[in-house]
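There are 2 protein chains.
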Amino acid sequence: MATKATGEMSRRADAVRNVESIIGAAITCLARDPRATMADIAKEAGLGRVTLYGHFASRPALVDAVVARVLERGERVLAEIDVDGDPRATLARLIRSSWRLVDQSRAVVVAAQDELSAERIRQLHEGPAARVQLLIEHGRERGDFRTDMPVSWLVAMLHQILHGAGAEVSAGRLDPAQAPELVTKTVFALLDPR
Amino acid sequence: MATKATGEMSRRADAVRNVESIIGAAITCLARDPRATMADIAKEAGLGRVTLYGHFASRPALVDAVVARVLERGERVLAEIDVDGDPRATLARLIRSSWRLVDQSRAVVVAAQDELSAERIRQLHEGPAARVQLLIEHGRERGDFRTDMPVSWLVAMLHQILHGAGAEVSAGRLDPAQAPELVTKTVFALLDPR
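If you read the protein sequences in the order shown, they are chains A and B.
For the first sequence, the UniProt record's numbering begins at 1 and goes up steadily by one.
For the second sequence, the UniProt record's numbering begins at 1 and goes up steadily by one.
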C-alpha cells in the first residue's frame, strides 16, 4: 500500500510539473507568435502531444490557463501597490503598473482575443477589476472621481482604454513610450469630476 | 457562343444570388446565436454545405463578409448625418447612430470577436473611422475638442467606448436604454478641451 501511495504521489507530482512546463512553454511560444500551435508548445515543453492534450483538451483551454496565470502574476504586482492615501496617486500607480503588464503580455492578449470570448476574458479579470472598483469607490467618497456614471462602467472603460492602447501599439499606430502617459491622461479625463 | 455566354451569365447570376442568400442567412443565424455553425447557415439559406463552402472556404471567411456587409449598411446610415455646422452636435448624432448600429449587431460583433483578429476588425472599420477622424479634426480646428492627444488615439477610444458598451449590455451589466447617454457622456468627457 505504501508503494502504491508513493506511486500515486509521484504521478501527481509529474502531472503538476508537466502542467507547469506546458504553461511556461505556452507563454514563451505565444510571446514569439500569438498563433503558435499546440505542436509548437509541446515541442517547447519537451513533451509529446498526447501528454499535452492529456492536460489541455484544446488550444482555447490552454490559452485560458495561460491568461489565468499571467493575470495571477499581474495580481501579485498590483497587490504591492500602496493603496492607502490619495486615491488619485494610487490610481496613477495602478494604471502604470497595469499598462506595463498589458504591454509585456501583448502577444498573450492577442491569443486570448482569438481563442476566448469577451465574457470569459472579463471573468478572468475579476481580481484586477475588483481592485479598481474599490479604488474608484474610495475616490468617489472623497470627491476625487465623478459619481454620475455607474462604477461598473468606469471599471469596464479602464479595461477598454488599457487594451485599446495595447492594440494601437501592436498595430504600430502608438509609440509604446508614449502609451503610459496617454493612458493615464485618458483615464483621468474620464474620471475627473465635472 | 451566344448560348455559352448566356450560360456563363446565368451561372454568375446564380453565384451572386447564392452569396446574397448566404450572407443574409448568416446575419439571421448569428443574430439568434453568435456560435451558429456553417451547417446552420447553409440550412437557413436553403443551400447545400458544398455550395456554402464553394463561396466561403471557412467560418472566419464568412464572418468577415458578414461584418463587411453590416458595416456597409452602417456606412449608409452614417452618411445621412448632416456634417455641416457644429462638430459637437454632429458628433453627438454620430455617436447615437453608431451606438444603434452596434446594439443592433451585438451578436455579429460577438461572432466577429471570436473569428477575426483585432487588427482585421479595425481594418473593416476604416470607413467609419475615417469619418470620425475628419469630424474630430474639424472640431479641433474650431477649439471644440482637445488637441493634446493623437487623433488616431481619440478615434480608437471612440471604438473602444462603443464596443465596451456593447459588451456591458450583452453581459447584463448595462441597461441598453441608458447606453446612448452614457456613451455620449464618456466620449465628450474624453474629447472636451481642458
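We treat Cβ as the ideally placed atom computed from N, Cα and C, and that holds for glycine.
- Beta-carbon to beta-carbon, leucine 52/A and isoleucine 22/A are separated by about 6 angstroms, close enough to satisfy the 8 angstroms threshold.
- Taking C-beta separations shorter than 8 angstroms and ignoring five residues to either side along the sequence, the partners of arginine 59/B in its chain run Thr37, Met38 and Glu115, following chain order.
- Contact residues of the region 142-155 of chain B toward chain A are Met149, Ser152 and Trp153 (C-beta to C-beta distance below 7 angstroms).
- For glycine 164/B, the closest Cβ of chain A is nearer than 7 angstroms.
- In the structure shown, isoleucine 95/B adopts helical secondary structure according to DSSP, grouped into three states.
- Taking 7 angstroms as the cut-off, the beta carbon of glutamine 113/B is found closer than this to the beta carbon of alanine 118/A.
- Of Asp144/B, Glu137/B and Arg142/B, the smallest CA-CA separation from valine 151/B is found for Glu137/B.
- Using a Cβ distance threshold of 7 angstroms, isoleucine 95/B and threonine 184/B count as a contacting pair.
- Along the region 95-175 of chain A, the alpha helix (DSSP H) occurs as fully enclosed runs of 4 or more residues at 106-115, 118-124, 126-141 and 151-170, listed in sequence order.
- Leaving aside the five residues that flank serine 170/A on each side, the residues in its chain whose CB is nearer than 6 angstroms to its CB run, in chain order, Arg106.
- Scanning Glu168/A, Phe188/A and Ala189/A for the CA closest to the CA of alanine 179/A turns up Glu168/A.
- Excluding the 5 residues flanking it on each side, aspartate 40/B has same chain C-beta neighbours closer than 8 angstroms at Cys29 and Asp33, in chain order.
- One Cα belongs to aspartate 192/B, the other to aspartate 144/B, and the distance between them is close to 7 angstroms.
- A direct Cα-to-Cα measurement between leucine 101/A and valine 109/A gives close to 10 angstroms.
- DSSP, reduced to helix, strand and coil, places isoleucine 41/B within a helical segment of the structure shown.
- Under the three-state reduction of DSSP output, valine 83/B falls in the coil class, being neither helix nor strand.
- Nearest to alanine 65/B by C-alpha distance, out of His125/B, Lys4/B and Ala130/B, is His125/B.
- Assigned with DSSP and collapsed to three states, leucine 47/A falls in coil, not helix or strand.
- Under a criterion of Cβ atoms nearer than 8 angstroms, the residues of chain A adjacent to aspartate 114/B are, in order, Ser117.
- Residue contact check for glutamate 168/A against chain B: a CB pair falls below 7 angstroms.
- Between leucine 78/A and chain B, the shortest Cβ-Cβ separation is not below 7 angstroms.
- A check of alpha carbon separations from aspartate 86/A across Val50/A, Ala79/A, Glu141/A and Ala130/A identifies Glu141/A as the nearest.
- Counting every other CB atom within 10 Å of its CB across the protein chains shown gives serine 10/B a total below 16, marking it as exposed.
- The Cβ of arginine 32/A sits no closer than 7 angstroms to any Cβ of chain B.
- Ranked by Cα distance from tryptophan 153/A, the options Val67/B, Leu91/B, Leu182/B and Arg120/B are led by Leu182/B.
- Taking each of Pro176/B, Leu91/B, Ala26/B and Phe56/B in turn and checking the Cα distance to alanine 111/B, the smallest one comes out for Ala26/B.
- Counting along the chain, no alpha helix (DSSP H) covers phenylalanine 56/B, and no H or E run does either.
- Per DSSP, the continuous alpha helix (DSSP H) segment holding proline 180/A begins and ends at 179-191.
- Assigned with DSSP and collapsed to three states, alanine 36/B falls in coil, not helix or strand.
- From the beta-carbon of leucine 135/A, no residue of chain B is found nearer than 9 angstroms; the closest lies around 19 angstroms away.
- Taken in chain order, the members of the region 172-191 of chain B whose beta-carbon sits within less than 9 angstroms of a beta-carbon on chain A are Arg173, Leu174, Gln178, Leu182, Lys185, Thr186, Ala189, Leu190 and Leu191.
- With respect to the 7 angstroms criterion, leucine 190/B and serine 98/B are not classified as neighbours on the basis of their beta carbons.
- Secondary structure of arginine 194/A (DSSP, three-state): coil.
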